[in-house]
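All remarks here apply to the structure that follows.
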DNA sequence: CGGATAGTTGAGTTATCTCAAATGCAGTGG
DNA sequence: CCACTGCATTTGAGATAACTCAACTATCCG
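Protein chains in written order, with the numbering used here: chain A, 57 to 307; chain B, 57 to 307.
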């Protein structure tokens, strides 16, 4: 009795919004949590067991505590999450807002990493995969490897852009760019309609992502709202005037 | 008549300071610019020609102009360079100071990239390798792939740390951390002695790397000098008081 | 209804920037 | 060797974007 509109890979129903964009979905791993033989390019031709597990986190819940080091790599299936590092005094910097299909924690693939905080911004479903098994996938399946490379390069470029903004742009520009970037990534996923997309970030998250104070963030957002550039309603954001938003974002 | 202290791979003399730390040196590619068969793990066993070329840039010269898009990946053999993005008004943000052995432009491996500026900070020798050939190396040689992954994850983590500093730390902390990070990377390469290492950056480079103004950078550096924490002489930097430098760098 | 969390607003402070002028320093041509 | 030019650095004065603090309001949830 399920309403399934799009054709799915054999044994791999597209259960979550992120599936179609997920770099791991097409391997077939998600079908059951265990697969005997994945993909079509297994050079050895032998059976292989890949284990993964699905988890849920409610909005606001912590997915990874800064004091624990993870042995897993994660994929966002649905919802939204954020990756950040905190300072001793409680301030922190958000590096990326994670959308369905995104991979998290790949930088811990070789060196163990600690001090990173993962928090669900919205009710979120994610899949965990052991680092060792992920590495195995990477070295054995060229397609998967290429997709992974594209993704990690994208994330590094995003991070460079973030550094550029934090170093050289003012508050309004940073906030406008954050919104534009999210809108673009939502659009790529087909999760935006009528300029409106799901926006579970609270103002302190916007502040943490842009290196600002919540107070100052509030003041900048007021201008954006008063000028009818964006509109917030029911945890979603609507871009009313794209041209002016781009103008605020600056060169 | 050459003084060669460490044993080099067959046909691959360690010509430059970066060789021992370079993720590509051990493949043997650098020996002649062309090799018929690289490494020891070639699964096909067949002959393969990898082409690469060596280039020089004098201090201050541009290696890659922001308007040209490169089809190459580069390795620093000796000297120092910087990778940055510039804004229309001339301000820019430096993302990384590149030391001997470092790989540059790997984020352009799949998507063409433009707008990035590469500049030699010191007289620099670097090696260029076509993207396509680099990708081939990556997919065929597991060791090389692992080293590459470690390096790209390291760079992403560095970039996260940069964003954290730009977003959440003050001028003195950012500058102190830049110095500490460089000292650490020089130490790893054995290129530091008596707390002193080569430091060709001008104050505007420090400013561009820390998101500050050259004027303000000058004022912060004065304090560091007056407090006998660091000393600049002949384009090199000496850390006089590591404990206090760490203290300035903050938590 | 009450208590907690999130957002708003104003007043005063501060880190950093901008502008401008002065100094130092390296390379060039005479 | 010297004067000259161009860049890097220094220093001071004043401007400003963003911060801190504090009080108030709105919203959510049991």
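Heads up, the beta-carbon is just placed ideally off N, CA and C, and yes, glycines get one too.
Considering only C-alpha positions, which residue in the set the options is nearest to residue i?
i: residue 187 of chain A; options: A/302, A/108, A/253, A/122; result: A/108
i: residue 240 of chain B; options: B/212, B/206, B/301; result: B/301
i: residue 110 of chain A; options: A/122, A/123, A/125, A/129; result: A/129
i: residue 263 of chain B; options: B/235, B/185, B/195, B/252; result: B/235
i: residue 113 of chain A; options: A/155, A/81, A/181; result: A/181
i: residue 261 of chain B; options: B/273, B/251, B/222; result: B/273
i: residue 191 of chain A; options: B/137, B/205, B/192; result: B/205
i: residue 242 of chain B; options: B/230, B/232, B/255; result: B/255
i: residue 202 of chain A; options: A/228, A/291, A/80, A/245; result: A/80
i: residue 232 of chain A; options: A/285, A/75, A/120; result: A/285
i: residue 198 of chain B; options: B/77, B/73, B/75, B/82; result: B/82
i: residue 172 of chain B; options: A/151, A/217, A/174; result: A/217
i: residue 193 of chain A; options: A/121, A/251, A/85; result: A/85
i: residue 139 of chain B; options: B/162, B/224, B/196; result: B/162
i: residue 132 of chain B; options: B/165, B/179, B/167; result: B/179
i: residue 74 of chain A; options: A/303, A/296, A/136; result: A/136
i: residue 220 of chain B; options: A/122, A/259, A/214, A/148; result: A/148
i: residue 156 of chain A; options: A/145, A/168, A/72, A/215; result: A/72
i: residue 20 of chain A; options: A/297, A/291, A/283, A/299; result: The requested residue 20 of chain A is not part of the displayed model; chain A covers only 57 to 307.
Tell me, which residues are paired with residue i by DSSP?
i: residue 130 of chain B; result: B/160, B/184
i: residue 191 of chain B; result: In DSSP, residue 191 of chain B forms no bridge with anything.
i: residue 109 of chain A; result: A/184
i: residue 150 of chain A; result: A/140
i: residue 172 of chain A; result: A/141
Three-state secondary structure (DSSP) at residue i?
i: residue 118 of chain B; result: strand
i: residue 231 of chain A; result: helix
i: residue 144 of chain A; result: coil
i: residue 307 of chain A; result: coil
i: residue 123 of chain A; result: coil
i: residue 71 of chain B; result: coil
i: residue 215 of chain B; result: helix
i: residue 179 of chain B; result: coil
i: residue 209 of chain B; result: helix
i: residue 196 of chain B; result: helix
i: residue 155 of chain B; result: coil
i: residue 79 of chain A; result: coil
i: residue 296 of chain B; result: coil
i: residue 166 of chain A; result: coil
i: residue 63 of chain A; result: The predicted position of residue 63 of chain A is uncertain, since its pLDDT is 37 and thus under 50; a value taken from the coordinates is nonetheless stated next. Of the three classes helix, strand and coil, the one that applies to residue 63 of chain A here is coil, per DSSP.
Using a Cβ-Cβ distance under 8 Å, would residue i count as near chain B?
i: residue 34 of chain A; result: What is shown of chain A runs 57 to 307, which leaves residue 34 of chain A out entirely.
i: residue 198 of chain A; result: yes
i: residue 84 of chain A; result: no
i: residue 212 of chain A; result: yes
i: residue 206 of chain A; result: yes
i: residue 224 of chain A; result: yes
i: residue 143 of chain A; result: yes
i: residue 77 of chain A; result: no
i: residue 220 of chain A; result: yes
i: residue 195 of chain A; result: yes
i: residue 201 of chain A; result: yes
i: residue 96 of chain A; result: Residue placement at residue 96 of chain A cannot be trusted, given a pLDDT of 41 that sits under 50; what the coordinates show is reported in the next sentence. It does not: the Cβ of residue 96 of chain A has no partner Cβ on chain B nearer than 8 Å.
i: residue 170 of chain A; result: no
Using a Cβ cut-off of 8 Å (strictly closer), state whether residue i contacts chain A.
i: residue 115 of chain B; result: no
i: residue 80 of chain B; result: no
i: residue 101 of chain B; result: Here residue 101 of chain B scores only 47 on pLDDT, less than 50, and its place in the model should not be relied on; the value that follows carries that caveat. No, residue 101 of chain B does not count as interfacial toward chain A.
i: residue 122 of chain B; result: no
i: residue 63 of chain B; result: Its pLDDT being 37, under 50, residue 63 of chain B is placed unreliably in this model, and the value from its coordinates should be taken loosely. Chain A contact via Cβ: absent.
i: residue 304 of chain B; result: no
i: residue 151 of chain B; result: yes
i: residue 267 of chain B; result: yes
i: residue 307 of chain B; result: yes
i: residue 166 of chain B; result: yes
i: residue 233 of chain B; result: no
i: residue 209 of chain B; result: yes
i: residue 147 of chain B; result: yes
i: residue 163 of chain B; result: yes
Every unbroken beta strand (DSSP E) within the segment 221 to 294 of chain A, with a cutoff of 3 residues, ordered by chain: 252 to 254, 286 to 289
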